[in-house]
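Residue 66 in this note's numbering sits at position 26 of the sequence shown; the count goes up by one each step and never skips. This report concerns only the one structure given below.
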Amino acid sequence: MSNSKLNQSLFVTNPSHQFIRGKYHSGYIPFNEAVNQLSLISANTQMKAKIKVDAANQVDKILQLEQNNLFQNMMENMMNKLQRRSDEGHAMKMRMDILRKLPVDEQS
């Protein structure tokens, strides 16, 4: 077995963001925690867990980010930005729809 094989760990991605052992997981889950709680084979791809092999240094980085709550903060910031953009786009679309319904002399 090569050295690179020894420095790898199995982790599972959880695309449906389920709770496992009372903890919310949005990213990587240790394989041994997920194997009995996620369906590894499913007709519904949203419910299917994906197995991924990461190098030990990648796993350490992910765990370090999670322990420092940096990972969760980064995810929340990204989701907030996406939500703002979505809200702004939706608001602009609604304004344009309202303007189109107004008579031409009131559209300024």
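Idealized CB from N, CA, C, for every residue including glycine. Predicted model only: the values in this text are computed from it and were never measured.
DSSP places N108 outside both helix and strand once states are collapsed to three, so it counts as coil. DSSP, reduced to helix, strand and coil, places L139 within a helical segment of the structure shown. Taking E128 as the centre and dropping the five residues before and after it, the same chain places no C-beta closer than 8 Å to its C-beta.
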